[in-house]
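Since the structure comes first, as structure tokens, the remarks are kept for the end.
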Amino acid sequence: MHGTSERKTILAPVAVLLDLEDRCGHETSWIRCGLFFQAKLFPRARARRAYGGAREAALRRPGGTDAGLALMALIWGANFTVIKAVLEQLEPLALNALRFPLAALALGLLLRLRGPLPWPRAEDRWRIVWLGVVGNVLYQLLFIFGIDWTLAGNAALLLATTPVWTLVLSTAVLGERYGAGVWAGVCATLVGMVLVVAGGPDALDFSSARVRGDVLMVGASLVWSIYTVGAQDLTRRYGSLAVTTWTLRVGAAGLVALGAVPLARRGVAHLDAAAWGGVAYAGVLAIAVAYALWYRGVEHIGSSRTAVYSNAVPVVALAVAWVWLGERPTPLQVVGAAVIVGGVAWARTGRARRERAPAAGPGAAAD
């Protein structure tokens, strides 16, 4: 257990959210604050409306986009530690019931800033409901209990294998074909995953909460890959951000229902400011803002280059967990971490050479 002061230190980045009023000006309206976020997160759409083609060409320069993606990796990497800290005061289901409505609302507002909110065709709506249940309710059950039981660093590393499972499913379900280099990356990632799990002090002891948590995180990675493959044609039709927003709303409803009993049992009066900041961080920053930065990157520099930044997430997560939670990985786990990051990068590079299709989503980076 960490003290209140330590949790506040862990969750200090949340103060950025609380400075919104100061940054926009005390007398600035909410509409102008919305325009501030629009200008920062979606400059390309703003450029089309305000400045035309000349400004549009200027926005193709990648510097600001790369900075945004680096921020995204930092947000996602720190999120594992933030969630671990908040779980000291909240039950897992209660945390999801609080953070997901915030995330759905924030992401919906960000999408509206880009223009009119699209709606799916009638024949696609049940499919979106199914994807929302799989990609948010089922995935989040595995994710939140997994991270509660295992180490933050382990959770980040095992979740980083999601692109590999997506490649395997794409081959099995969609008939996609990849070269030997891609499959070498897949094999390397699986070896790294075994090293991370087996490198712990209680390896293969399934009575251990840590090992059970590791298994749940692998399951979460598999479930997210199912969501990614299942959503591919919808994302081509409507756009990734729209599909993510719809399925997130479905998931938020389910997660609120599942968390209602734990919330009613304990309430929220016992939560301190650090815990509320963590809820906001895990909902608004780690889901809504980070997703928006991801899709902004895909729009400006392409999905393959954007995906490279998510390789940094487990590295950031390990560093943050080591500094603030005292989670010191074993030498075998360090080797496994390097193998996972290298294997995923190898597999992604091979896939990028073969195809240029848009990414279905940011993957289960850290939400």
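Position 299 of the sequence shown, counted from 1, bears residue number 300 in this note's numbering, the numbering being contiguous throughout. We put the beta carbon where it would ideally sit given N, CA and C, even for glycine.
Beta-carbon proximity check, residue i vs residue j, cutoff 8 Å
{"i": "W166", "j": "A210", "result": "no"}
{"i": "V169", "j": "V187", "result": "yes"}
{"i": "Q334", "j": "G214", "result": "no"}
{"i": "T66", "j": "G240", "result": "no"}
{"i": "A105", "j": "L249", "result": "yes"}
{"i": "G231", "j": "L132", "result": "yes"}
{"i": "V135", "j": "G255", "result": "no"}
{"i": "P332", "j": "L158", "result": "no"}
{"i": "F101", "j": "G252", "result": "yes"}
{"i": "T246", "j": "G109", "result": "yes"}
{"i": "Q90", "j": "A276", "result": "yes"}
{"i": "A107", "j": "S311", "result": "no"}
{"i": "A289", "j": "P119", "result": "no"}
{"i": "I76", "j": "L326", "result": "no"}
{"i": "L196", "j": "V317", "result": "no"}
{"i": "V280", "j": "V87", "result": "yes"}
{"i": "Y228", "j": "Y140", "result": "yes"}
Beta-carbon contacts of residue i that lie in its chain and below 8 Å, excluding the five residues immediately before and after
{"i": "A261", "result": "A98"}
{"i": "L143", "result": "L217, M218, G220, A221 and V224"}
{"i": "L112", "result": "L118, L242, A243 and T246"}
Burial state of residue i, where buried means 16 or more other Cβ atoms lie within 10 Å
{"i": "W347", "result": "buried"}
{"i": "E300", "result": "buried"}
{"i": "V324", "result": "exposed"}
{"i": "V342", "result": "buried"}
{"i": "A95", "result": "buried"}
{"i": "P330", "result": "buried"}
{"i": "V138", "result": "buried"}
{"i": "G154", "result": "buried"}
{"i": "R294", "result": "Before going on, a small fix: residue 294 reads as Leu here, not Arg. Flag for L294 reads buried."}
{"i": "E124", "result": "exposed"}
{"i": "L160", "result": "buried"}
{"i": "L175", "result": "exposed"}
{"i": "G344", "result": "buried"}
{"i": "A270", "result": "exposed"}
{"i": "A173", "result": "exposed"}
{"i": "A265", "result": "exposed"}
Interface flag, residue i vs chain C, CB-CB below 8 Å
{"i": "W323", "result": "As a matter of chain content, chain C is missing from the structure shown, which is built from one protein chain."}
6 Å CB neighbourhood of residue i in its chain, flanking five on each side removed
{"i": "T162", "result": "T190, M194 and S222"}
{"i": "I84", "result": "I148 and A283"}
{"i": "L259", "result": "L94"}
{"i": "L272", "result": "Q90"}
{"i": "A313", "result": "A74"}
{"i": "L103", "result": "G284 and V285"}
{"i": "V257", "result": "A98"}
{"i": "P263", "result": "E92, L94 and A95"}
Own chain, CB closer than 7 Å to residue i, minus 5 neighbours either side, in chain order
{"i": "V321", "result": "G78, A79 and T82"}
{"i": "I145", "result": "P93, L96 and N97"}
{"i": "G53", "result": "Low confidence applies to G53: its pLDDT is 39, below 50, so where it sits in the model is not reliable enough to give any reading."}
{"i": "P121", "result": "I129, Y239 and W247"}
{"i": "A185", "result": "W347"}
{"i": "E328", "result": "L152, A153, G154 and A322"}
{"i": "A291", "result": "M73, I76 and W77"}
{"i": "S171", "result": "E177 and V230"}
{"i": "S226", "result": "T163, W166, T167 and L170"}
{"i": "V336", "result": "L196"}
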